[in-house]
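Take a look at the structure set out below.
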Amino acid sequence: MIKRNSFIRTFLLAFILIIVIPVTILGVVIYNNYIDSLLQNTTNQVLQSLRQASKGMEDEVAGLTRNAIKISKDDTLLELATEYHRAGDDLTKLEIKNKIDSRIDFSLVQLYSTETVLFVYKDKGAYFYNKGPTVEIDQIKGMNWYKQAVENKGMLYYDIIETYSDFFQKKYVFNFAYALQNYWDTDVELVAISFNINAFNGIISGEAVNQTGNYMVLDQDGKIIFSRVQDRIGKSIEETGYSRNMLGNSQGSYIETVDNEKMLVTSYSLSKYGWVIVNMIPYDELTDDVNQYTKYGLWIGLLLFLLFIVFSFIFFKQIIIPIQHLIVKMKNVEKLGDFNQTVEIKGRNEIFYLGHAFNKMMHEIQSLMNERDLKEQEKIKFEIEALQSQINPHFLFNTLSSIRLMAIVAKSENVKNMLEAFIKLLSNTHKDAQNIITIEEEMENLKQYIYIMKYRYGNSFAATIEIEEEIKEYMILKLLIQPIVENAILHGMSDLDRQGKIEIQAWANEKSIMISVRDNGNGMNEKQIEELLSKPENNEKGFTGIGVQNVDRRIKLNYGDNYGVIIDSEEDIYTEIRMIIPKIKR
Numbered sequence: 020m021i022k023r024n025s026f027i028r029t030f031l032l033a034f035i036l037i038i039v040i041p042v043t044i045l046g047v048v049i050y051n052n053y054i055d056s057l058l059q060n061t062t063n064q065v066l067q068s069l070r071q072a073s074k075g076m077e078d079e080v081a082g083l084t085r086n087a088i089k090i091s092k093d094d095t096l097l098e099l100a101t102e103y104h105r106a107g108d109d110l111t112k113l114e115i116k117n118k119i120d121s122r123i124d125f126s127l128v129q130l131y132s133t134e135t136v137l138f139v140y141k142d143k144g145a146y147f148y149n150k151g152p153t154v155e156i157d158q159i160k161g162m163n164w165y166k167q168a169v170e171n172k173g174m175l176y177y178d179i180i181e182t183y184s185d186f187f188q189k190k191y192v193f194n195f196a197y198a199l200q201n202y203w204d205t206d207v208e209l210v211a212i213s214f215n216i217n218a219f220n221g222i223i224s225g226e227a228v229n230q231t232g233n234y235m236v237l238d239q240d241g242k243i244i245f246s247r248v249q250d251r252i253g254k255s256i257e258e259t260g261y262s263r264n265m266l267g268n269s270q271g272s273y274i275e276t277v278d279n280e281k282m283l284v285t286s287y288s289l290s291k292y293g294w295v296i297v298n299m300i301p302y303d304e305l306t307d308d309v310n311q312y313t314k315y316g317l318w319i320g321l322l323l324f325l326l327f328i329v330f331s332f333i334f335f336k337q338i339i340i341p342i343q344h345l346i347v348k349m350k351n352v353e354k355l356g357d358f359n360q361t362v363e364i365k366g367r368n369e370i371f372y373l374g375h376a377f378n379k380m381m382h383e384i385q386s387l388m389n390e391r392d393l394k395e396q397e398k399i400k401f402e403i404e405a406l407q408s409q410i411n412p413h414f415l416f417n418t419l420s421s422i423r424l425m426a427i428v429a430k431s432e433n434v435k436n437m438l439e440a441f442i443k444l445l446s447n448t449h450k451d452a453q454n455i456i457t458i459e460e461e462m463e464n465l466k467q468y469i470y471i472m473k474y475r476y477g478n479s480f481a482a483t484i485e486i487e488e489e490i491k492e493y494m495i496l497k498l499l500i501q502p503i504v505e506n507a508i509l510h511g512m513s514d515l516d517r518q519g520k521i522e523i524q525a526w527a528n529e530k531s532i533m534i535s536v537r538d539n540g541n542g543m544n545e546k547q548i549e550e551l552l553s554k555p556e557n558n559e560k561g562f563t564g565i566g567v568q569n570v571d572r573r574i575k576l577n578y579g580d581n582y583g584v585i586i587d588s589e590e591d592i593y594t595e596i597r598m599i600i601p602k603i604k605r
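Throughout, the working numbering is defined as the position within the sequence shown, counted from one, plus 19.
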């Protein structure tokens, strides 16, 4: 009996030592590992959903921003709003209102979330599109978002605010405000466009976003911008019982207890706007099925665990890691603009062919960029060569004829001076292939040209040059000012019954250089100005045969459409041609 009892005790002890204790320990380890794995996998899934949601929100906000800027800077809308403000009778106001509403409808045709568009006038009153105000305009002007926009004129200010255009319910809107700068010739002080906050609902609640748990979007101050629970919108995160920890995580998850309930909180930052998307899942809801998994046999669980480890190792080695390498290369292309990226992927599976296609695409893009750069260089070179070859033989003939007459009538000093000026002008024009010179060099060329033209036209005009000292070293396209001065001499001074006068001035503002050529000649009407800017000139009497239209085209070709030529003229009084170019130092 003792032996039997000893055997049982030994067997039990052995069973406990060999089976129960190890299995218990293993079960605890498996359980803990499972919980950790469950939380990690859930976090990864939620983070993936949040990434998709953040991309959608950024695209949505970017689209709303573009439309807000489009409305705020629409010259036609601002003019119509001003006309509406100044209109005296109701019939005229109604006609203008229809025009304003039609233009806004056309601009926002695809945006069904538009709440209202507000034009606030400088003195008093406002124009509302879609919905009228529920508060006085003076109250609106006293709101924080309005003050912020006015203090930062010329910048688009946006915020989540309580709507000011709905009588029936309290709700929040995504509000853009743009205060016009002083140079706008309009009665409008500020333009505000409000979009329904539900514009985000399709993104947060869409099929692409994980539907587990509750979602919130917070701004940088912890105010709730969006929530599936509407009553939370506009409140601070503390008012809902949560801590501000979620604002400190760029992305990740942690456990937090709210109202005695444990929650898995996952957050992801929209760095572009300083917002945070937060997902909250009850901890009990996540672990509810864990006990069911513990009922499976230990050997089956262990086998599955081993199989999972093996499968994970193979999967990561053959698929995930190569994809991660490919993603890193793609991000280098996206963020750094480096198209020399290539990936090395072994094997013959789909990942290999994906990497091969990426390498091929990078090679083709690099080839296209090189080809584009080469064509651009050739275009500039051809433009310079064409410009230098345009020196008109009639100009050379007329100039040499003038020199010949001076040689007959005057002494050799005048001939010497005019020849020196003419030689300097030709030498500076053809001395190299550079299309860009300093403003000081351009003005020197211009002085030689004016010297020659004065002799040709018998000192029938006077010319002055005033240039700010600080801009002399800035760069300018070669022979840019000469055609404008030539136009003033040949057209502005022709058949003039008074002493001609040409004033050439150059100065700089914050971003641009302004060059003005003003004469007291014949002047032009609107039709002549339009023809001068739209038709190329073939002037056989001039130095280059280049007209004002060519100057404007060269400026826009090299610097963009924000620069070019502006003409102001009044018949029989004056003509002023102003060139605007960027500030570029040597």
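C-beta: ideal position from N, C-alpha, C; glycine also.
>> So the candidates are 462, 63, 593; which of them puts its Cα closest to the Cα of residue 483?
In response: 462
> Can you tell me whether DSSP reads residue 487 as helix, strand or coil?
Replying inline: coil
> Assuming residue 90 contacts residue 175 under a Cβ cut-off of 8 Å, what Cβ separation, rounded to an integer in Å, is found between them?
Replying inline: Between residue 175 and residue 90 the Cβ distance is about 11 Å, and since that is not below 8 Å, they are no contact.
>> Using C-beta distances below 8 Å, list every residue in its chain close to residue 465, excluding the 5 sequence neighbours before and after it, in chain order.
In response: 484, 500, 501, 504, 523
> Can you tell me the Cα-Cα spacing of residue 601 and residue 132, whole angstroms?
Replying inline: 40 Å
> Smallest Cα separation from residue 548: which of 60, 589, 516, 258?
Replying inline: 589
>> Can you tell me whether residue 376 is buried or exposed? The criterion is at least 16 other CB atoms within 10 Å of its CB, across all chains shown.
In response: exposed
> residue 227: buried (16+ other C-beta within 10 angstroms of its C-beta) or exposed?
Replying inline: Caution is warranted here: a pLDDT of 43 is assigned to residue 227, below 50, making its placement in the model unreliable, and no coordinate value can be reported.
> Could you give the residue range of the beta strand (DSSP E) that holds residue 37?
Replying inline: Run containing residue 37: none; DSSP gives neither H nor E here.
>> Within a Cβ cutoff of 6 Å, which residues of the same chain sit near residue 197, ignoring the five residues on either side of it in sequence?
In response: 91, 175, 210
>> Relative to the C-alpha of residue 149, which candidate in 156, 136, 142 has its C-alpha closest?
In response: 136
>> Can you find the residues in the same chain that come closer than 7 Å, C-beta to C-beta, to residue 127, ignoring five residues on each side of it along the sequence?
In response: 86, 133
>> Less than 6 Å between C-beta atoms, sequence neighbours within five positions excluded: which residues of the same chain meet that for residue 361?
In response: 378
>> To the nearest angstrom, how far is the alpha carbon of residue 301 from that of residue 283?
In response: 6 Å
> Which word fits residue 481, buried or exposed, when buried means at least 16 other C-beta atoms lie within 10 angstroms of its C-beta?
Replying inline: exposed
> So which of 95, 538, 497 has the shortest CA-CA distance to residue 509?
Replying inline: 538
> Is it buried or exposed for residue 603, if we count other Cβ within 10 angstroms and need 16 for buried?
Replying inline: exposed
> Just checking my contact of residue 166 with residue 208 at CB under 8 Å: how many whole Å lie between their CB atoms?
Replying inline: Not really, about 12 Å apart at Cβ, beyond 8 Å.
> Can you tell which of 386, 582, 495 has its C-alpha closest to the C-alpha of residue 605?
Replying inline: 495
> Is the Cβ of residue 53 closer than 7 Å to any Cβ of chain C?
Replying inline: No chain C is present in this structure, which holds just one protein chain.
> What's the C-alpha gap between residue 392 and residue 386?
Replying inline: 10 Å
> Are there 16 or more other CB atoms within 10 angstroms of the CB of residue 591, so buried, or fewer, so exposed?
Replying inline: exposed
> Beta carbon of residue 476: closer than 6 Å to some heavy atom of the ligand COA?
Replying inline: As far as ligands go, the structure on display features none, and thus does not contain the ligand COA.
> Below 8 Å, can you find three or more Cβ-Cβ pairs linking the stretch 35–47 to the stretch 289–305?
Replying inline: no
> Are residue 256 and residue 241 close, meaning C-beta to C-beta below 7 Å?
Replying inline: yes
> Between which two residues does the alpha helix (DSSP H) carrying residue 209 extend?
Replying inline: Where residue 209 is concerned, there is no enclosing alpha helix (DSSP H), although the beta strand (DSSP E) it sits in stretches over 207–215.
>> Buried or exposed, going by whether 16 or more other CB atoms sit within 10 Å of the CB of residue 540?
In response: buried
>> Tell me which residues share the same chain as residue 168 and place their Cβ nearer than 7 Å to its Cβ, disregarding the 5 neighbours each side in the sequence.
In response: 176, 196, 197, 198, 209
>> Suppose contacts are defined by Cβ-Cβ distances below 7 Å. Is residue 6 in contact with residue 97 by that definition?
In response: The chain is shown only over 20 to 605; residue 6 falls outside these bounds and no answer can be derived.
> What residues are listed by DSSP as bridge partners for residue 3?
Replying inline: The structure shown does not extend to residue 3, since the chain spans only 20 to 605, so no value can be given for it.
> Which value, in whole angstroms, describes the spacing of the CA atoms of residue 111 and residue 117?
Replying inline: 10 Å
> Does the distance from the CB of residue 536 to the CB of residue 551 come in under 7 Å?
Replying inline: no
>> DSSP three-state label for residue 160, please.
In response: helix
> Expressed to the nearest angstrom, what Euclidean distance is found between the alpha-carbon atoms of residue 599 and residue 478?
Replying inline: 30 Å
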